Amino acid sequence: MSPSISSLPLRLEGVSYAHNGHTLLHEISLTLAGDAATVVLGPNGAGKSLLLRLCHGLIPPSTGRILWAGDAAKQAMVFQRPVLLRRSVAANLSYPLRLLGLAREERERRVAEALAMAGLTPFADRYARSLSGGEQQRLALARAWVRQPEVLFLDEPTANLDPAATRQVEVIVKRFRDAGTKVVMTTHDLGQARRLAEKVLFLHRGRLLEQAPAECFFAGPATAEARAFVRGELLW
Amino acid sequence: MSEFTEALGHAARLLAAFDSGVWEIVLLSLQVSCLAVALAALCGFPLGAALALYVFPGRRAVVVLINALMGLPPVVVGLTVYLMLSRSGPLGDLGLLFTPAAMVIAQWVLVTPIITALTRQVIEDLWEEYEEELRSLGSTRAQAIGTLLWEGRYRLMTAVLAGFGRAVAEVGAVLIVGGNIAHATRVMTTAIALETAKGELALALGLGAVLVTLALLINAVAYLTRDLARA
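So this is what it looks like as structure tokens:
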């Protein structure tokens, strides 16, 4: 999964986002590079999802610039509530490959591989919307996998799942990481952040207060807000 | 009252005996309306979906217009199509007036706005749910049209059935452009109107029973597809 021309680094320069006169993200500048898994932390309403949507290109920033070094198409996103198509599991996986214009053989090869990767092979012919919540989220991850993205954005992928399903999702996230995909994930679950993060971005009320290697962040956050958050005291 | 029950009994015998005159009329009705609805769906699906997905100046006005056209009076449509197809009309050379083709055209005009408007509503709702995901998967708006039409297939069936119900039950337009010619352009509704005027209640009632049964069937199917759409 490491094509010759990388789409990274992704640079945000003074990115702000305002809606209805409220500034929801303030002057965010950061660089996403390498393959270390980045976890965006912060309490509810900090702007974590918004930041991911901006990076992914779903919404334009009000001010500032978002710059990809290479091909911005080599990215995928998995949402908190994935929208699955009303077709079989396998058809959901081949859909994005059709959009890419891939030949049938290549589509089938990638679909089979993604099914196996996500442990969904027995469900290939099942109606996607009849899957359980955890299986649906794994299907959403497999649907990202078939596209072989260089960057994967994950927006609270386990917020609605039970502990067992959460673990399965985390295993798949690690597989992306091991395949060389840059994982950028939001969570408000500190335990999950400790398990997956190699780098941490800490957002609070629309401001990027810290960006640090995970071990530094968890050992000694630099700001009072982050310290309170890590102690479980900062709730909004 | 005895006249009515007598006619009803006669009607039942006509239907039970598969009277060729009756079934010729029923069959033509179905052929004309099915073809009209198929053509209307062919236009209305992509048109409605495009209206749902694309933003352009005057979009609101177009939506209001199409919604208003759902209630077009059939006689006015009949008159307009008549004028287009009559000898001196712009399409007079086609020689379609008083043929089943003319009736298909008239019903197509009636049904297309219905299917377009209902499709727009269905696709607009779906787009709200699917937009971010489809854009994330790399779909263009044009590609999303096909995807969403397929995703909304059960709900769109309801639109088609609504259009078919309108077409098959309508009398004004087909009467004007078809002329209610026996063995050529006589359909259930025009036959009922004519036979009632002649006092031949048996045939009118028999055809009426077929129409009502059809309406019931359509509604039953529409109800069942709504259940499928929720899955």
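Line by line, the protein sequences give chains A and B. According to the numbering used here, the first sequence is numbered sequentially starting from 1422. According to the numbering used here, the second sequence is numbered sequentially starting from 2. Glycine included, each C-beta is placed from N, C-alpha and C at the ideal position. A quick note: this is a predicted structure, and the numbers were derived from the prediction, not measured.
Let's test the definition: count the other Cβ atoms within 10 Å of the Cβ of residue i and tell me whether it reaches 16, buried, or not, exposed.
| i | result |
| --- | --- |
| A1640 (chain A) | exposed |
| R88 (chain B) | exposed |
| C1476 (chain A) | buried |
| D228 (chain B) | exposed |
| P1543 (chain A) | exposed |
| S30 (chain B) | buried |
| E129 (chain B) | exposed |
| F5 (chain B) | exposed |
| H1625 (chain A) | buried |
| E7 (chain B) | exposed |
| P1584 (chain A) | exposed |
| L43 (chain B) | exposed |
| E1527 (chain A) | exposed |
| A69 (chain B) | exposed |
| L217 (chain B) | exposed |
| A1563 (chain A) | buried |
| E171 (chain B) | buried |
| K199 (chain B) | exposed |
| R1525 (chain A) | exposed |
| G1644 (chain A) | A small correction: the amino acid at residue 1644 (chain A) is Thr; Gly does not occupy that position in the sequence shown. Answer is exposed; the Cβ neighbour count stays below 16. |
| S1423 (chain A) | In this prediction, S1423 (chain A) scores a pLDDT of 44, lower than 50, which makes its location untrustworthy; the coordinate-derived value is nonetheless stated afterwards. Looking at its Cβ environment, which holds fewer than 16 other Cβ atoms inside 10 Å, S1423 (chain A) is exposed. |
| Y55 (chain B) | exposed |
When the Cα atoms are used, what is the spatial distance from residue i to residue j?
| i | j | result |
| --- | --- | --- |
| G1485 (chain A) | A168 (chain B) | 56 Å |
| L212 (chain B) | M189 (chain B) | 7 Å |
| G1627 (chain A) | S1428 (chain A) | 26 Å |
| G1601 (chain A) | A1454 (chain A) | 12 Å |
| Q1557 (chain A) | E1529 (chain A) | 20 Å |
| R61 (chain B) | G45 (chain B) | 17 Å |
| M1 (chain B) | F57 (chain B) | Look at the range of chain B in this structure, 2 to 232, and you will see that residue 1 (chain B) is not part of it. |
| L1488 (chain A) | R154 (chain B) | 39 Å |
| V1651 (chain A) | A163 (chain B) | 58 Å |
| A53 (chain B) | L127 (chain B) | 10 Å |
| V1567 (chain A) | L135 (chain B) | 15 Å |
| S1450 (chain A) | W151 (chain B) | 41 Å |
| L9 (chain B) | L215 (chain B) | 18 Å |
| E1631 (chain A) | A1545 (chain A) | 42 Å |
| R1616 (chain A) | I115 (chain B) | 55 Å |
| A1490 (chain A) | R1432 (chain A) | 8 Å |
| L138 (chain B) | G1478 (chain A) | 12 Å |
| P1430 (chain A) | T1452 (chain A) | 6 Å |
| L98 (chain B) | M71 (chain B) | 24 Å |
| G1540 (chain A) | R1559 (chain A) | 8 Å |
| A183 (chain B) | V175 (chain B) | 13 Å |
| Q202 (chain B) | G22 (chain B) | For the record, residue 202 (chain B) in the displayed sequence is Leu; it is not Gln. Straight-line Cα distance between these residues: approximately 15 Å. |
| F19 (chain B) | G173 (chain B) | 27 Å |
| A1565 (chain A) | Q1613 (chain A) | 20 Å |
| G59 (chain B) | G180 (chain B) | 39 Å |
| E1646 (chain A) | A1633 (chain A) | 15 Å |
| G166 (chain B) | A1561 (chain A) | 40 Å |
| E1636 (chain A) | T117 (chain B) | 58 Å |
| F1597 (chain A) | Q1496 (chain A) | 12 Å |
Which residue or residues does DSSP assign as beta-bridge partners of residue i?
| i | result |
| --- | --- |
| K1603 (chain A) | A:V1572 |
| T1679 (chain A) | One cannot answer for residue 1679 (chain A) here, as it falls past the ends of chain A, which runs 1422 to 1657. |
| S1509 (chain A) | A:Y1548 |
| Q1496 (chain A) | A:V1572 |
| W24 (chain B) | Partner(s): none; W24 (chain B) has no beta bridge. |
| W1566 (chain A) | DSSP lists no partner for W1566 (chain A). |
| H1443 (chain A) | A:H1440 |
| P1634 (chain A) | A:K1620 |
| H1680 (chain A) | Because chain A spans 1422 through 1657 in this model, residue 1680 (chain A) falls outside it and cannot be assessed. |
| A54 (chain B) | The residue asked about is misnamed: residue 54 (chain B) is Leu in this sequence, not Ala. Looking at the DSSP assignment, L54 (chain B) forms no beta bridge with any residue, so it has no partner. |
| V1460 (chain A) | A:M1606 and A:V1621 |
| I1449 (chain A) | A:V1436 |
| L66 (chain B) | Looking at the DSSP assignment, L66 (chain B) forms no beta bridge with any residue, so it has no partner. |
So that I know if they touch, is there some Cβ in chain E lying closer than 8 Å to that of residue i?
| i | result |
| --- | --- |
| Q32 (chain B) | Going by chain labels, chain E is absent from the structure shown, which instead holds the protein chains A and B. |
Exercise. Could you tell me whether the stretch 1512-1524 of chain A touches the stretch 1579-1596 of chain A, using the rule of 3 or more Cβ pairs below 8 Å?
Key: Between the stretch 1512-1524 of chain A and the stretch 1579-1596 of chain A, the count of Cβ pairs shorter than 8 Å is below three; the stretches do not touch.
Quiz item: If you scan the stretch 98-163 of chain B from start to end, which runs of the beta strand (DSSP E) of 3 or more residues do you find wholly inside it?
Solution: Runs found: none.
Quiz item: Should the stretch 201-212 of chain B be regarded as contacting the stretch 2-15 of chain B, the criterion being three or more beta carbon pairs within less than 8 Å?
Solution: Touching, yes.
Quiz item: At a cut of 8 Å, does the stretch 103-114 of chain B reach the stretch 126-144 of chain B through at least three beta carbon pairs?
Solution: By the C-beta criterion, the stretch 103-114 of chain B is judged not to be in contact with the stretch 126-144 of chain B, since fewer than 3 inter-stretch pairs fall below 8 Å.
Quiz item: Three or more C-beta pairs closer than 8 Å, one from the stretch 45-52 of chain B and one from the stretch 112-129 of chain B: is that the case here?
Solution: Yes, since at least three Cβ pairs between the stretch 45-52 of chain B and the stretch 112-129 of chain B fall closer than 8 Å, the two stretches touch.
Quiz item: Between the stretch 1598-1613 of chain A and the stretch 1571-1582 of chain A, are three or more C-beta pairs nearer than 8 Å?
Solution: yes
Exercise. State whether the stretch 37-44 of chain B contacts the stretch 218-225 of chain B, with contact taken as three or more CB pairs (one from each stretch) at a distance under 8 Å.
Key: no
Practice problem: Say whether the stretch 1443-1462 of chain A touches the stretch 1610-1627 of chain A, bearing in mind that this needs 3 or more beta-carbon pairs closer than 8 Å, one atom from each stretch. | Solution: yes
Quiz item: Would you call the stretch 184-203 of chain B and the stretch 16-29 of chain B in contact, with 3 or more CB pairs under 8 Å?
Solution: yes
Self-check item: Contact between the stretch 1544-1564 of chain A and the stretch 1488-1508 of chain A (3+ Cβ pairs under 8 Å)
Solution: Contact holds: three or more Cβ-Cβ distances are below 8 Å.
Quiz item: Would you call the stretch 98-105 of chain B and the stretch 63-70 of chain B in contact, with 3 or more CB pairs under 8 Å?
Solution: no
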